[in-house]
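*Asks:* Numbered as in our numbering, the sequence shown ends at 1124 without a single skipped number. Ideal placement from N, C-alpha and C gives every residue a C-beta, glycine not left out. On a predicted model such as this, the values are computed, not experimentally measured, just so you know. Mind looking over this structure? Questions follow.
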Amino acid sequence: LRRCFGDDLPVHMGFTRFKHWFQYNDTAMEDNQPHALVIAQFREPYSWVEAMRRENHHAPLHAELNWQQFVTRKWWMPRPPKDEPLANETGRVCGQQFHYNEVIPCSESVFRR
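Shown next, in the form of structure tokens:
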């Protein structure tokens, strides 16, 4: 997009969150970006899952599994002890502005770019 539009159109790698993290509705952005266009690119699901299996990001319990194990194992992990102080917090207290109940772990360290 940058090659097509140059400096005439600002292009960012995320909207409310970086790249592939789920986005959320942020009404505070309406004043700053009243006319935003979000463009999403989707991959063919089988090669995408295989790429996730080979390059395992953010899923330690799915490391080094064969294809069948990877796609059938429950997608979860235990909440680490360092998240406990945030358990009763409200608002977007976790990395990438997630709520506590939306993501495990809550720690900012897993969201670094």
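How long is the line joining the alpha carbons of residue 1050 and residue 1022, rounded to whole angstroms?
*Replies:* For this step, residue 1050 is matched to residue 39 along the sequence shown. For this step, residue 1022 is matched to residue 11 along the sequence shown. Roughly 10 Å separates the two Cα atoms.
*Asks:* Between the segment 1077-1095 and the segment 1051-1069, do three or more beta carbon pairs fall short of 8 Å?
*Replies:* In short, these stretches touch, since the Cβ pair count reaches three.
*Asks:* Is it buried or exposed, residue 1073, if we count other Cβ atoms within 10 angstroms and call 16 or more buried?
*Replies:* By one-based count along the sequence shown, residue 1073 stands at place 62. When all chains shown are included, residue 1073 counts as buried.
*Asks:* Do you know how far the Cα of residue 1112 is from the Cα of residue 1102?
*Replies:* The residue labelled residue 1102 in the question sits at position 91 within the sequence shown. The residue labelled residue 1112 in the question sits at position 101 within the sequence shown. For residue 1102 and residue 1112, the distance between alpha carbons rounds to 10 Å.
*Asks:* Looking at C-alpha atoms only, which residue of 1105, 1088, 1098, 1027 is the closest neighbour of residue 1048?
*Replies:* One-based indexing of the sequence shown puts residue 1048 at position 37. Nearest C-alpha to residue 1048: 1027.
*Asks:* Assuming residue 1061 is part of the alpha helix (DSSP H), what are its boundary residues?
*Replies:* Counted from its first residue, the sequence shown places residue 1061 at position 50. It spans 1056-1065 - the alpha helix (DSSP H) in which residue 1061 sits, taken as one unbroken run.
*Asks:* What does the alpha-carbon distance come out to for the pair residue 1098 and residue 1037?
*Replies:* Counting from 1 along the sequence shown, the entry for residue 1098 is found at position 87. Counting from 1 along the sequence shown, the entry for residue 1037 is found at position 26. Each residue's Cα considered, the two are about 23 Å apart.
*Asks:* Name the two residues that bound the continuous alpha helix (DSSP H) containing residue 1114.
*Replies:* For the purposes of this step, residue 1114 is taken as residue 103 along the sequence shown, with counting starting at 1. Residue 1114 -> no alpha helix (DSSP H), and no H or E assigned at all.
*Asks:* Could you check which residue in 1076, 1012, 1118, 1086 has the C-alpha nearest to that of residue 1096?
*Replies:* Working through the sequence shown from its first residue, we reach residue 1096 at position 85. When each option's Cα is compared against that of residue 1096, the closest is 1118.
*Asks:* Tell me the residue span of the alpha helix (DSSP H) that contains residue 1103.
*Replies:* Against the sequence shown, residue 1103 aligns to sequence position 92. That residue, residue 1103, is in no alpha helix (DSSP H); it is neither H nor E in DSSP.
*Asks:* Nearest to residue 1093 by alpha carbon, out of 1087, 1105, 1085, 1086?
*Replies:* Walking along the sequence shown from the start, residue 1093 turns up at place 82. It is 1105 whose Cα lies nearest to the Cα of residue 1093.
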